[in-house]
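**Student:**
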Amino acid sequence: MTAPLRIGFIPLVDAAALIVAVDKGFTAAEGLEVELVREVSWSNVRDKLNIGLFDAAHLLAPVAIASSLGLGHVKVPIAAPFNLGINGNAITVSPALHAALMEQIDGDRFDPMATAKALAKVVAIRRKAGAEPLTFGMTFPFSTHNYQLRFWMAAAGVDPDEDVRLVVLPPPFMVDSLKSGHVDAFCVGAPWNSIAVDLGIGHILHFVSDILERAAEKVLAVRQVWADKNQDVVAALVRAAVKAAEFIEEPANLAEAAQILAQPERIGVDAEVIQRSLTGRLKISPDGAVRESGRYLLVGREGAGRPDPAQAAWLYAQMVRWGQTPLTPDGVKTAMSVFRPDLYDAALGLQRPTEAPGAFGAFVGPAFDPENIRGHLEAFAVGRWKV
Amino acid sequence: MSAEQSPKIVIVDESPVRAAILEDGLREAGFTQVVHIREMQSLLARIYAVDPDIILIDLENPSRDVLEAMFQVSRAVKRPIAMFVDQSDSASIQASVEAGVSAYIVDGLKKERIKPILDLCVSRFNAFAKLQEELERTKSQLEDRKIIEKAKGILMKLKGLTEDEAYVLLRSTAMREKKKIGEIAQSIITASEMLK
Chain V
479 MTAPLRIGFI
489 PLVDAAALIV
499 AVDKGFTAAE
509 GLEVELVREV
519 SWSNVRDKLN
529 IGLFDAAHLL
539 APVAIASSLG
549 LGHVKVPIAA
559 PFNLGINGNA
569 ITVSPALHAA
579 LMEQIDGDRF
589 DPMATAKALA
599 KVVAIRRKAG
609 AEPLTFGMTF
619 PFSTHNYQLR
629 FWMAAAGVDP
639 DEDVRLVVLP
649 PPFMVDSLKS
659 GHVDAFCVGA
669 PWNSIAVDLG
679 IGHILHFVSD
689 ILERAAEKVL
699 AVRQVWADKN
709 QDVVAALVRA
719 AVKAAEFIEE
729 PANLAEAAQI
739 LAQPERIGVD
749 AEVIQRSLTG
759 RLKISPDGAV
769 RESGRYLLVG
779 REGAGRPDPA
789 QAAWLYAQMV
799 RWGQTPLTPD
809 GVKTAMSVFR
819 PDLYDAALGL
829 QRPTEAPGAF
839 GAFVGPAFDP
849 ENIRGHLEAF
859 AVGRWKV
Chain D
31 MSAEQSPKIV
41 IVDESPVRAA
51 ILEDGLREAG
61 FTQVVHIREM
71 QSLLARIYAV
81 DPDIILIDLE
91 NPSRDVLEAM
101 FQVSRAVKRP
111 IAMFVDQSDS
121 ASIQASVEAG
131 VSAYIVDGLK
141 KERIKPILDL
151 CVSRFNAFAK
161 LQEELERTKS
171 QLEDRKIIEK
181 AKGILMKLKG
191 LTEDEAYVLL
201 RSTAMREKKK
211 IGEIAQSIIT
221 ASEMLK
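These protein sequence lines map, in sequence, to chains V and D. To convert, count from 1 in the first sequence and add 478; that's our numbering. To convert, count from 1 in the second sequence and add 30; that's our numbering.
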């Protein structure tokens, strides 16, 4: 290798497999020299990957798809040979909104349909009182956070474009914005939800795994043309990431993994906070209440690392549902071709996947079928899709 | 800007110095309508209030992602588009990303009018980066000089050397250990403080 690979990342816990792969020496063991570059915005990661300043990147799965479709920016086909995380986001609300929701809730507090219905009531009450619409922060127009918030609230008839405001906020600004009242809630990845709870200014209302049991979150992204030219490098990267994911998932290594991720030039927050996200044992309320879930963030277990094209189709369906792109057969095909289980299998020398990917497990609507996106869209009353 | 009215340009930059350098450059080039936004709270509302034709933002600013949302807002009167979305000018995109500046252009503005603005931004951003580098270097040189003076004083006192002899000793030690003279001086200071 002549020059080290430059790989961009955003300081979030779901970059774990990438960071540990490099800092624990799994990439070096594959003969790769890697320079990790910490970035401040998804736009930067996307642009630097697209124009070749990065060889690979920790990227929001929907950004990889949008880039391949040419949505919002330059069209650059992206390949994702490794899935960096399943789930991992949470919805955090201000104490005031939390109190209002709990006052209206009818049913289990962790049931997303019950909370969505409570939200619909709060929205109606506020409208009647002439109050400003509630504002929800999310990380990017093409983000799982955006789609997960929308999927959740729309289930109870809350129109995310009419009844509330959805605004983009960089993750490091989420907590301050909640504190200042600039937003009433946000959907973001770890560690920001925990930080808001620790500061006593937020309640974690939902882990996204309440909304979808299995949702592709971040991918290891490379340019399609680069992947074609550097097949060995891609395979080595995938193997290093797989080893890192296995390392992280081993309970005995948890403290060490959290320590690696906590370094100032990596994620740069307390190892203890990172450990919470990795174990799925999170403090959800300033009063100290703790909630535990085996599905909070999947780094490598349950086949999390193997890209699942059906997940790409689901994300594409959300882009269509919310009017970001029209529904076309080519669009579905392009979106699905971004997720590359073939590259994953080739890197590991697998003949076929060791286990079938888990189902989406959405809390509402029919089972998702990538062959029938129209059926998925027609199942929901709220949406602004075009064919 | 005689034939057509000067486009309205917004600079989103938390660095007041760099923004001033950029603003001066734009004004010198005849772009008279330049607004600098430093405050990132309610950024979109501020931008809508100005209603610019071009938005310039530095790449170290996390609020770039906020701007990306502008392309999605269907009710906005004007929809900005990302820089050179038609891909015809990848060299310009590369140059600007490397310099650390990104531009968003509201649809409808002619492309030939954008190029000189972007070129100017890239050169000003590069000039600013160089300036900062020089400043850093001068600062660390100054710092080094202070440390060396102090270490010389310690050596003179402890070993009864003249100022010149103390400097020669520092320099020869640095050369032998393949370290910077400032580093050797610093270790002498640290050691003498420990031995106090």
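Glycine residues also receive a C-beta, built at the ideal position from the N, C-alpha and C atoms.
If you measure between the beta carbons of D/L200 and D/A221, is that distance less than 8 angstroms?
**Tutor:** In this structure, D/A221 does not lie closer than 8 angstroms to D/L200 by Cβ.
**Student:** Beta-carbon within less than 6 angstroms of V/M797's beta-carbon, same chain only, minus the 5 sequence neighbours each way: which residues are those?
**Tutor:** Correct list, in chain order: T803.
**Student:** Quick check on the burial criterion: 16 or more other C-beta atoms within 10 angstroms. Buried or exposed for V/D662?
**Tutor:** So V/D662 ends up on the buried side.
**Student:** Could you check if V/M580 is buried or exposed, using at least 16 other CB atoms within 10 Å of its CB as the buried criterion?
**Tutor:** With fewer than 16 Cβ atoms within 10 Å of its Cβ, V/M580 is classed as exposed.
**Student:** How would you write the range of the beta strand (DSSP E) that V/K696 sits in, first residue to last?
**Tutor:** Run containing V/K696: A694 to R701, per the beta strand (DSSP E) assignment.
**Student:** Taking only the alpha-carbon atoms, compute the straight-line gap between V/A542 and V/A558 and give it to the nearest angstrom.
**Tutor:** Straight-line Cα distance between these residues: approximately 8 angstroms.
**Student:** Determine the closest residue to V/G827 out of V/V716, V/W670, V/E734 and V/E770, with distance taken between C-alpha atoms.
**Tutor:** Looking at the Cα atoms, V/V716 is the closest of the given residues.
**Student:** Taking 7 angstroms as the line, does the beta carbon of D/A59 fall inside it for any heavy atom of the ligand SAH?
**Tutor:** As presented, the structure is devoid of all ligands, the ligand SAH included, so that no description of it is given.
**Student:** State buried or exposed for D/S104, treating a residue as buried only when at least 16 other CB atoms are found within 10 Å of its CB.
**Tutor:** Because D/S104 carries a pLDDT of 45, less than 50, the predicted location of this residue cannot be relied on, and the following value inherits that uncertainty. Exposed.
**Student:** Looking at the C-beta of V/P867, does it have a partner C-beta in chain D at a distance below 8 angstroms?
**Tutor:** The question about residue 867 of chain V has no answer here: the residues shown for chain V are numbered 479 through 865.
**Student:** With 8 angstroms as the threshold, decide whether the Cβ of V/I529 is near any Cβ in chain D.
**Tutor:** So yes, V/I529 belongs to the interface.
**Student:** Please list the partners that V/F618 has in chain D, where partner means a Cβ-to-Cβ separation under 7 angstroms.
**Tutor:** Residues of chain D passing the Cβ test: D95 and E98.
**Student:** Among V/A834, V/V515, V/A494 and V/W863, which residue has its Cα nearest to the Cα of V/G486?
**Tutor:** Looking at the Cα atoms, V/V515 is the closest of the given residues.
**Student:** Which runs of the beta strand (DSSP E) fall wholly inside the segment 507-570 of chain V and span at least 3 residues, in chain order?
**Tutor:** For the segment 507-570 of chain V, whole beta strand (DSSP E) runs of length 3 or above, ordered along the chain, are 512-516, 534-538 and 556-565.
**Student:** So what does DSSP say about V/S815, is it helix, strand or coil?
**Tutor:** Residue state, collapsed to three classes: helix.
**Student:** Would D/E69 pass as an interface residue toward chain V - the criterion being a Cβ-Cβ separation below 8 angstroms?
**Tutor:** It does not: the Cβ of D/E69 has no partner Cβ on chain V nearer than 8 angstroms.
**Student:** Going straight from the alpha carbon of D/S153 to that of V/V860, what length do you get?
**Tutor:** Approximately 48 angstroms between the Cα atoms of the pair.
**Student:** Does DSSP classify V/T613 as helix, strand or coil?
**Tutor:** If DSSP states are grouped into helix, strand and coil, V/T613 belongs with the strands.
**Student:** Can you give me the start and stop residues for the alpha helix (DSSP H) that D/E195 sits inside?
**Tutor:** Start and end: E193 to E207.
**Student:** Alpha helix (DSSP H) containing D/D95: first to last residue?
**Tutor:** Segment R94 to E98, the alpha helix (DSSP H) holding D/D95.
**Student:** I'd like to confirm the pairing. Which residues does DSSP put opposite V/A685 in its beta bridges?
**Tutor:** It should be pointed out that residue 685 of chain V corresponds to Phe in this sequence rather than to Ala. BP columns for V/F685 point to V/A568.
**Student:** For D/Q171, which of D/G183, D/I211 and D/N156 has the nearest alpha-carbon?
**Tutor:** Taking only the C-alpha atoms, the option nearest D/Q171 is D/I211.
**Student:** Which of the three DSSP states, helix, strand or coil, is assigned to V/D847?
**Tutor:** It is coil, neither helix nor strand.
**Student:** Between V/C665 and V/F614, is the Cβ-Cβ spacing less than 8 angstroms?
**Tutor:** Yes; because the gap between Cβ atoms is below 8 angstroms, this pair is in contact.
**Student:** Mind checking the segment 504-520 of chain V against chain B and listing, in chain order, the residues whose C-beta falls within less than 7 angstroms of any C-beta there?
**Tutor:** In the displayed structure, chain B is absent; the protein chains listed are V and D.
**Student:** For D/I144 and D/I135, what's the separation of their Cα atoms in angstroms?
**Tutor:** Roughly 8 angstroms between the two C-alpha positions.
**Student:** Using a Cβ-Cβ cut-off of 6 angstroms (strictly less than) and excluding sequence neighbours within five positions of V/N624, which residues of its own chain qualify?
**Tutor:** Hits under 6 angstroms: M616.
**Student:** Taking Cβ to Cβ, would you say V/L490 is nearer than 8 angstroms to V/T570?
**Tutor:** No, they are not a contact pair.
**Student:** Does the distance from the C-beta atom of V/V600 to that of V/Q582 stay below 8 angstroms?
**Tutor:** For V/V600 and V/Q582, yes; Cβs fall inside 8 angstroms.
**Student:** Excluding the five sequence neighbours on either side, which residues of its own chain have a C-beta within less than 8 angstroms of the C-beta of V/A782, listed in chain order?
**Tutor:** Excluding residues within five positions, the ones whose Cβ falls inside 8 angstroms are N561, G563, I564, A723 and L776.
**Student:** If D/L86 sits next to D/C151, beta carbons under 8 angstroms apart, how far is it from one beta carbon to the other, in whole angstroms?
**Tutor:** Between D/C151 and D/L86 the Cβ distance is about 6 angstroms, and since that is below 8 angstroms, they are a contact.
**Student:** Please return the same chain residues whose Cβ sits closer than 8 angstroms to the Cβ of V/D492, not counting the five positions on each side in sequence.
**Tutor:** Within the same chain, V/D492 has close Cβ partners H536, L562, G563, G566, G667, A668, E695, K696, L775 and V777.
**Student:** Over what stretch of residues does the beta strand (DSSP E) that includes V/V747 continue unbroken?
**Tutor:** Here V/V747 belongs to no beta strand (DSSP E), and DSSP marks it neither H nor E.
**Student:** Where V/A718 and D/I218 are concerned, what is the direct C-alpha to C-alpha distance, given to the nearest angstrom?
**Tutor:** Their Cα atoms are separated by approximately 44 angstroms.
**Student:** Out of V/G585, V/F620, V/P555 and V/A481, state which residue places its alpha-carbon closest to the alpha-carbon of V/W792.
**Tutor:** Out of V/G585, V/F620, V/P555 and V/A481, V/F620 has the C-alpha closest to the C-alpha of V/W792.
**Student:** Curious, which full-length beta strand (DSSP E) runs of at least 3 residues does the segment 592-654 of chain V contain?
**Tutor:** Listed in chain order, the complete beta strand (DSSP E) runs (minimum 3 residues) inside the segment 592-654 of chain V are 613-616 and 643-646.
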